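Down below is the structure, laid out as structure tokens.
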Amino acid sequence: MESKRAIIAIALSFVVLVGWSYLADHMGWNGQPAPQAQQEEAAPQSAPQAASQAAAPAPRAEAPVFLPSAGREVTVATPLYKAVLHSGGGVLKHFSLTRYRTAITAGAPAVDMVDTASTVMSPLGLLINGQPSWNTGQWSFDGGDLSLGAGQSGVLTFTGEVDGVRVVRELTFSADTYLISEKVRLAPLADARTVRLGFTVGTGNLSPNGGQYDHTRVAWLHEGSFSEKTSASDLEKGVLETGTLSWGAVMSNYFLVAAAPVDTTGVTLKGKLQEGVYRVAMERGDVSIPAGGETTVACNYWFGPKDRGLLKEAPNQLSEAINLGWFSIIARPLVDLLEFFHKYVGNYGVAIILLTVLIKLVFWPLSHKSYKSMEQMKKLQPMLQKLREKHGDDREKMNEEMMRLYKTYKVNPAGGCLPMLVQIPVFFGLYQALLNAIELRHASFVTHLPFTDMVWLADLSAKDPYYITPIVMGATMLLQQKLTPAPGDPTQAKIMMFMPVVFTFMFLSFPSGLVVYWLCNNVLSIAQQWWMLRKA
């Protein structure tokens, strides 16, 4: 009797196990079990549709039956940012930078790389055959929010069916960088396919208070060469570039939103400014998906500041987004020196002054030689004027006599200019370094006007609110002109005297960090000229 019961129990257990496996395979229970909350939120289906979907065999033996779920928000929180995505396709709704604020005032909101306007354009969304996948397909998400501490990383997986293709997006977030890595797995629901796959990023105006020196623009790296378009009219027409593209981005002097496909060959960049939103898509048009198999395509994204240290470690030469112009070979060491001084003094304004003093000391011999040459030329001016009067109609003879005069008195007519020309690359290099150093954004020098509560140089990346430093800078230029030997040509002398006025108006809207550098440089030049005059 006991043996019969044992045989019946074993048989029933076998039936239960086989029946469960059968139902799990055909009902999708062993694939992605939907939580109760998601099942309640799922879009309603008619009974025949639900039965048809449940009975349909899976397109590939190892793939679970796809069960779309209602969209919801998914949050990723790290020490650097807070990202909010929508489960319906994995598009971004917000990306707030924890360490950067929109203003220096207390309680200012964090910089959001995806504002309300750009949310409509669905940044981080995939394009399948040129169509947005997030509103043309069906999606599901199985998981929850991510909260990452230092050194941690996490993955969000979004599964969808778009245009006859099973799409699995795996987005990896890291707590120590602004880089987001993605792997897209594509599998056909029927026959083999070839699709166009596009990775998109988008954002609003990244430099609302930047003025004419900080434009939001579209930039890209084509075969190692940096290019950008800043004109709004050009961007409204659209940007199109094809070839070996390391990355395409929307950026300002301080912030970067970029897409960087892992396979950089045969990529098409499409950029556009539309309704106040800057958008970039990096497309591949030759993604082949075999029948019964799958293809994986990878891409990296950057949503964050132009942090030199972090970008240096990023793939696809993303560090080239910090473009310092023709004199970058000079500008980069100057930024390093600025950081070096800041470590010791803790104030970027003081660091700029120390850097200016160092540069002035390095060029002291050249400046000294230039001043001596101008003094010598000043002594020759009466004789040169006589030669002009004597040989005014015979330019060849006049030049010959002038060269003889220079040789007799051992004067180099270009001696006053050449030392200055050598310093021009350094000036432009430092100009680019200070203009693009995110370290200066919201960095203070003298927070309030002395003996007042009026906010003054509290942000070295913004202009002087009271125009004090540009006006003082113009006055120092005028004084410097008075100390410098006047050129022999009266017209040239008048032009030189007009230069301080021109520079003052130019510097009124310059970032105050640049004005501090130029003002300090003028003061040091005046001190040098005064010392040389006294010595003479």
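To convert, count from 1 in the sequence shown and add 1105; that's this note's numbering.
By construction, the Cβ of each residue, glycine as well, lies at the ideal position given by its N, Cα and C atoms.
These numbers were taken from a predicted model, which means no experiment stands behind them.
Excluding the 5 residues preceding and the 5 following VAL1628 in the sequence, name in chain order all residues of the same chain whose CB lies nearer than 7 Å to its CB. Here VAL1628 has THR1581 as same chain residues with Cβ atoms under 7 Å from its own Cβ, once five neighbours each way along the sequence are excluded.
Between which two residues does the alpha helix (DSSP H) containing ALA1337 stretch? In this chain, the alpha helix (DSSP H) harbouring ALA1337 covers 1337-1342.
My assumption, with CB atoms under 8 Å, is that VAL1392 sits in contact with LEU1291. Please give the rounded CB distance. Distance from VAL1392 to LEU1291 at the Cβ level is roughly 7 Å; contact confirmed, criterion being Cβ atoms closer than 8 Å.
Identity of the residue in ASP1319, VAL1189, TRP1239, ALA1295 nearest ARG1546 by Cα: Comparing Cα-Cα distances from ARG1546 to each of ASP1319, VAL1189, TRP1239, ALA1295, the minimum goes to ASP1319.
Can you tell me the Cβ-Cβ gap for THR1305 and ALA1386, rounded? I've got them flagged as a contact below 8 Å. Contact between THR1305 and ALA1386 holds: CB atoms are separated by about 5 Å, below the 8 Å threshold.
For GLU1341, I'd like the list of residues in its chain whose CB is within less than 8 Å of its CB, leaving aside the five on either flank, ordered along the chain. Within the same chain, GLU1341 has close Cβ partners LYS1377, LEU1378, GLN1379.
Cutoff 7 Å; reference PHE1608; Cβ partners in own chain excluding five residues on either side: Closer than 7 Å at Cβ, skipping near neighbours: GLY1579, MET1582.
Pick out whichever of LEU1439, GLY1235, LEU1624 has its Cα sitting closest to the Cα of ILE1573. If we check each option's Cα against that of ILE1573, LEU1624 comes out closest.
May I ask you to report which of helix, strand or coil DSSP gives VAL1628? DSSP places VAL1628 in the helix class (H, G or I) of the three-state scheme.
Among ASP1296, GLY1307, GLY1265, THR1308, which has the Cα closest to the Cα of VAL1289? With respect to the C-alpha of VAL1289, the residue from ASP1296, GLY1307, GLY1265, THR1308 having the closest C-alpha is GLY1265.
DSSP three-state label for ARG1322, please. Looking at ARG1322 - three-state DSSP - the assignment turns out to be strand.
Find out if the Cβ-Cβ distance for the pair GLU1287, TYR1406 is shorter than 9 Å. Result yes, Cβ atoms of GLU1287 and TYR1406 sit closer than 9 Å.
Is the separation between the beta-carbon of PRO1530 and that of ILE1631 shorter than 9 Å? By the CB criterion at 9 Å, PRO1530 and ILE1631 fall outside the cutoff.
With DSSP as the reference, identify every bridge partner of PRO1237, one or two as the case may be. DSSP, once it has assigned bridges, lists LEU1232 as partnering PRO1237.
Residues sharing a beta bridge with MET1604, DSSP: According to DSSP, which records beta bridges pairwise, MET1604 is partnered with nothing at all.
Using the beta-carbon count (16 or more within 10 Å), is ASN1504 buried or exposed? Counting Cβ neighbours within 10 Å, ASN1504 comes out exposed, since fewer than 16 surround it.
Report the rounded CA-to-CA distance for LEU1463 versus LEU1565, giving the unit in angstroms. If you take the alpha carbons of LEU1463 and LEU1565, they lie about 20 Å apart.
How would you label LEU1526, buried or exposed, when you count the other beta carbons within 10 angstroms and need 16 or more for buried? The residue is exposed, with fewer than 16 neighbouring Cβ atoms inside 10 Å.
Kindly indicate which three-state DSSP category PRO1570 falls into: helix, strand or coil? Reduced to three states, the DSSP call for PRO1570 is coil.
Could you tell me the boundaries of the alpha helix (DSSP H) in which ASP1391 lies? Taken as a continuous stretch (DSSP letters only), ASP1391 belongs to no alpha helix (DSSP H), being part of the beta strand (DSSP E) at 1382-1394.
Which same chain residues, not among the five before or five after LYS1334, have their C-beta less than 7 Å away from its C-beta? Excluding its 5 nearest sequence neighbours in each direction, LYS1334 has C-beta neighbours in its own chain below 7 Å: ARG1322, VAL1323, LEU1340, VAL1344, listed in chain order.
Is the beta carbon of LEU1489 less than 9 Å from the beta carbon of MET1507? Inclusion of LEU1489 and MET1507 in the CB contact set at 9 Å is warranted, their separation being smaller than that value.
Closest Cβ-Cβ distance between THR1277 and chain B: below 9 Å? Reference to chain B is not applicable here, since this structure consists of a single protein chain.
PRO1470 burial status per 10 Å Cβ neighbour count (16 or more: buried): Counting Cβ neighbours within 10 Å, PRO1470 comes out exposed, since fewer than 16 surround it.
Look at the Cβ atom of ASN1358, then the Cβ atom of ILE1209, and state whether they are nearer than 9 Å. Contact: no.
If distances are taken between C-alpha atoms only, which option among GLY1534, ASN1421, LYS1512 comes closest to LEU1443? With distances taken between Cα atoms, LEU1443 lies closest to GLY1534.
In whole angstroms, what separates the C-alpha of LYS1648 from that of PRO1366? The chain is shown only over 1106 to 1641; residue 1648 falls outside these bounds and no answer can be derived.
Out of LEU1311, ALA1396, GLY1307, HIS1447, state which residue places its alpha-carbon closest to the alpha-carbon of GLY1353. Of all alpha-carbon atoms in LEU1311, ALA1396, GLY1307, HIS1447, the one lying nearest the alpha-carbon of GLY1353 is that of GLY1307.
Check whether the stretch 1267-1280 touches the stretch 1227-1244, taking contact to mean three or more Cβ pairs, one atom from each stretch, closer than 8 Å. Cβ pair count under 8 Å is three or more, so yes.
Which residues mark the beginning and the end of the alpha helix (DSSP H) in which THR1441 is found? The sequence given here places Asp at residue 1441; Thr does not occur at that position. ASP1441 -> alpha helix (DSSP H) spans 1433-1450.
Alpha carbon to alpha carbon, how far is VAL1620 from ALA1563? Give it in angstroms, no decimals. Rounded to the nearest angstrom, the two C-alpha atoms are 14 Å apart.
Please say whether LYS1411 and ASN1541 have beta carbons closer to each other than 9 Å? Yes, Cβ-Cβ distance for ASN1541 and LYS1411 is below 9 Å.
If I follow the unbroken beta strand (DSSP E) through ALA1363, where does it start and stop? Boundaries of the beta strand (DSSP E) around ALA1363: 1360-1366.
Classify THR1224 as helix, strand or coil using the three-state DSSP reduction. DSSP places THR1224 in helix when its eight states are reduced to three.
Beta-bridge pairing of PRO1293 - partner residues as DSSP gives them: In the DSSP assignment, PRO1293 is bridged to VAL1270.
Give a yes or no on whether the C-beta atoms belonging to TRP1561 and VAL1577 are separated by under 9 Å. Between TRP1561 and VAL1577, the CB-CB gap reaches or exceeds 9 Å.
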